[in-house]
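A short write-up of the structure that comes next.
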Amino acid sequence: MAERNVSPPRRLRACASCARAKAKCRFKEEHVQRHIHLCDRCETLKQECLPQTTTSLRKPRRVHQGGESTLTLQPSMYREDMDRNVGTDAQQTSANERPWRVESQAKPKATIAVPQPPFGLSWLQATQILRIFREEYIPQFPFITISGDRAAEALSKDNPFLFRAVMLVAAPLLESKAVKNKRNTLAYLGYRSLVEEDKTLDILQGMLVIVAWAHKSCIDNSQVVNLTYLALGYAHSLGITQEPVLHNNNAEISSDSAERAPQDKTHLLEEQRTFLGLYCALSIISTRQSRRNSLDTPYIETCLKNIGQSSVETSDFAAAHIVHLVRMSERLSEGFGEPHKRTLSRPYAFLLEGTGRHFQTDLNRLAASATYPSLASHSQTFELHRLYLLVRMYEPAVIVASHPDEGVLLFVFLLICLRNCIDAMRSFFDLFLELPVDLMLRYSIVTSDHVIFVTLQAVRLLLVKIPDWDVQSARETLDLGAVLDQIVSRYEEADVLREEAVRRFGNSTQTEENSDEMSNLSKLAREIRWLKYWFETKTQEKQTEDDLPIELGRGEYEDKLRPTWYVGLLEDIDWNIG
Numbered sequence: 314m315a316e317r318n319v320s321p322p323r324r325l326r327a328c329a330s331c332a333r334a335k336a337k338c339r340f341k342e343e344h345v346q347r348h349i350h351l352c353d354r355c356e357t358l359k360q361e362c363l364p365q366t367t368t369s370l371r372k373p374r375r376v377h378q379g380g381e382s383t384l385t386l387q388p389s390m391y392r393e394d395m396d397r398n399v400g401t402d403a404q405q406t407s408a409n410e411r412p413w414r415v416e417s418q419a420k421p422k423a424t425i426a427v428p429q430p431p432f433g434l435s436w437l438q439a440t441q442i443l444r445i446f447r448e449e450y451i452p453q454f455p456f457i458t459i460s461g462d463r464a465a466e467a468l469s470k471d472n473p474f475l476f477r478a479v480m481l482v483a484a485p486l487l488e489s490k491a492v493k494n495k496r497n498t499l500a501y502l503g504y505r506s507l508v509e510e511d512k513t514l515d516i517l518q519g520m521l522v523i524v525a526w527a528h529k530s531c532i533d534n535s536q537v538v539n540l541t542y543l544a545l546g547y548a549h550s551l552g553i554t555q556e557p558v559l560h561n562n563n564a565e566i567s568s569d570s571a572e573r574a575p576q577d578k579t580h581l582l583e584e585q586r587t588f589l590g591l592y593c594a595l596s597i598i599s600t601r602q603s604r605r606n607s608l609d610t611p612y613i614e615t616c617l618k619n620i621g622q623s624s625v626e627t628s629d630f631a632a633a634h635i636v637h638l639v640r641m642s643e644r645l646s647e648g649f650g651e652p653h654k655r656t657l658s659r660p661y662a663f664l665l666e667g668t669g670r671h672f673q674t675d676l677n678r679l680a681a682s683a684t685y686p687s688l689a690s691h692s693q694t695f696e697l698h699r700l701y702l703l704v705r706m707y708e709p710a711v712i713v714a715s716h717p718d719e720g721v722l723l724f725v726f727l728l729i730c731l732r733n734c735i736d737a738m739r740s741f742f743d744l745f746l747e748l749p750v751d752l753m754l755r756y757s758i759v760t761s762d763h764v765i766f767v768t769l770q771a772v773r774l775l776l777v778k779i780p781d782w783d784v785q786s787a788r789e790t791l792d793l794g795a796v797l798d799q800i801v802s803r804y805e806e807a808d809v810l811r812e813e814a815v816r817r818f819g820n821s822t823q824t825e826e827n828s829d830e831m832s833n834l835s836k837l838a839r840e841i842r843w844l845k846y847w848f849e850t851k852t853q854e855k856q857t858e859d860d861l862p863i864e865l866g867r868g869e870y871e872d873k874l875r876p877t878w879y880v881g882l883l884e885d886i887d888w889n890i891g
């Protein structure tokens, strides 16, 4: 039998010193044959040459299981943690101990990267903002509900755009920061709705929140109109603006009817509630522009019935009553006639025919139905809405009296309507000025629009000069100058409360607000102040600008400051302030 060839000597593993220094470790053949563990590098450095221990050898990556999820340790995280442990323990050990032995003692902790909320907020701040929105904002516009046990993290994950809208509206931030957040939110909306073409209720609810609290979202009137009609088109795309189509018509029966049948179902209560909120917001915009509300369909009654039968929440009862009041406003629009066919005499005939008396009776009956103890917290806003509807009912009389040269015959009935309108205005302002100041920070577009509307109609009415009308007595009955001063004062007080809320929230350490920037409340107060001085100039028959205060500005700057309002009925008739 032939002798077996001698195997070459086995290559030795690099020593511990060379491994730490990442140097080449070579052994002389004579040392290997004599089993001497001494590499060339250690021999040159005249240091002890020791083999690597088992603990210092490279180990395979481990998977640690903890809780519900399985986490894989990232190499970068492992290196940083190990370097930190080695550096700390090396100072506590003696010089003869090897730092690589510490590797087996320190076990790195695996962490999960949690996404942060938008706008640079923390989750603690987001939770606080969500609580503020749920407790203080939703009662003013109870068409978007968020359950009390729903955390901010869950809302951000399931409804990201609604979450952004809530943070934009309810976060007490500096005005400059709020403007940046608005741009970020609108850009996100454009990406989700137009680029990604997402069709979810989340986007519609977010748009409704921004529109409902437009004065807190830092958006102007044109953006409110754009967002409202964008939300209208989006609601049509979601198919929640009408009852689901039932495929039970014999003419529509086809081979695929069996496949479509499972899709025939009623809309969720959340969808119906959102639809009713959009109906109310669109009614405000339509009234401003003297247009009919395209959502004023019989499906509104169906949604009200479904919510009334399926819900026991106080917010749903409040939402239903608001919708009933808005429907009364739509009833007025219908009685005044189609916008493109309106004349001065057509809306006024609504009052002459006795329809106004029936309307007022139904309105009082509706107000009496909201006297439940559960709705006591909404009684003041409901009464404001009722008084607003009375003022709007008498608006045709104010229009006719403001244009005596249009050929409409004047009657004693017209004077009665004007006196009743003044009484309703005075009651409206008395109640509005009794509301808590902080309520102005969170009331919705419904209340804010009513205040502007009644204020403008009061200016119109107190400038009326017709036969048998005692204008001086009317101005004494309603001291509009004093009322406007009080409104300005309350807006300014509300703005002070806003600034205090910003400081308490912890944002005062950020970039200081530019002195030239004004909050929406300050802008509104300045516009009301401008209207007061304009009204006093007209009543005193002074056409010069010398009586206007310097801070209001003159010339070109004053033209920029002059506000633009929608005055409601017969928008095509010129009524230019100034």
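In the working numbering, the protein residues as written are 314 to 891.
Note that beta-carbon positions come from the ideal geometry of N, C-alpha and C, so glycine has one too.
- With a cutoff of 8 angstroms on beta-carbon distance, V711 and Q770 are scored as near each other.
- Secondary structure at F340: strand, using DSSP grouped into helix, strand and coil.
- Nearest to P611 by C-alpha distance, out of T627, F588 and V345, is F588.
- By the criterion of at least three beta-carbon pairs nearer than 8 angstroms, the segment 478 to 489 is in contact with the segment 440 to 453.
- Here P717 carries a helix assignment [DSSP, helix/strand/coil].
- A residue is called buried when at least 16 other Cβ atoms come within 10 angstroms of its Cβ; Q518 meets this threshold and is buried.
- Separation of R505 and I516 (C-alpha to C-alpha, rounded to the nearest whole angstrom) is 8 angstroms.
- C328 is bridged by DSSP to P364.
- The three-state secondary structure of C593, taken from DSSP, is helix.
- Listed in chain order, the alpha helix (DSSP H) elements of length 4 or more contained wholly in the segment 418 to 493 are 436 to 445, 465 to 471 and 473 to 483.
- Taking 8 angstroms as the cut-off, the beta carbon of A807 is found closer than this to the beta carbon of L834.
- Secondary structure at C531: coil, using DSSP grouped into helix, strand and coil.
- Taking the CA atoms as reference points, F340 sits about 7 angstroms from L351.
- A straight-line Cα-Cα distance of about 22 angstroms links N733 and S692.
- Exposure of V809 is indicated by the presence of fewer than 16 other C-beta atoms within 10 angstroms of its C-beta.
- With distances taken between CA atoms, P660 lies nearest to M706 out of S687, Y685, L676 and M706.
- The way I'd put it, the segment 506 to 513 doesn't touch the segment 483 to 493; fewer than three beta-carbon pairs between them come closer than 8 angstroms.
- Around the Cβ of I613, a 10 Å sphere holds 16 or more other Cβ atoms; the residue is buried.
- Scanning A680, I779, A544 and T674 for the CA closest to the CA of V725 turns up I779.
- Unbroken alpha helix (DSSP H) stretches of 4 residues or longer found wholly inside the segment 597 to 677: 612 to 623, 627 to 649 and 658 to 665, given in chain order.
- At the C-beta level, H637 and L688 stay beyond 8 angstroms of one another.
- Of the residues assessed, T656 falls on the exposed side of the cut-off, its CB having fewer than 16 other CB atoms within 10 angstroms.
- Under the DSSP definition of a beta bridge, C352 partners with F340.
- Remark: C-beta atoms of L521 and I457 approach each other more closely than 8 angstroms.
- Shown here, A771 sits in a helix according to DSSP, grouped into three states.
- Sequence-distant Cβ neighbours of P431 in its own chain, meaning closer than 6 angstroms and more than five residues away, are R477.
- Looking only at A737, L723, S715 and L664, the smallest Cα-Cα distance to R699 is reached by A737.
- Selection E449, S802 and L487 evaluated against S832 yields L487 as nearest (Cα-Cα).
- When DSSP states are grouped into helix, strand and coil, R347 belongs to the coil group.
- Sixteen is the threshold: since fewer than 16 other Cβ atoms of the shown chains lie within 10 Å of the Cβ of Y542, the residue is exposed.
- Closest in C-alpha terms to L540, from the list L591, L797 and E556, comes L591.
- The Cβ-Cβ distance between L617 and A631 does not fall below 8 angstroms.
- The criterion of a C-beta distance shorter than 8 angstroms is satisfied by A594 and V524.
- Across the set L728, E747, A838 and G819, the C-alpha of L728 shows the shortest separation from the C-alpha of S786.
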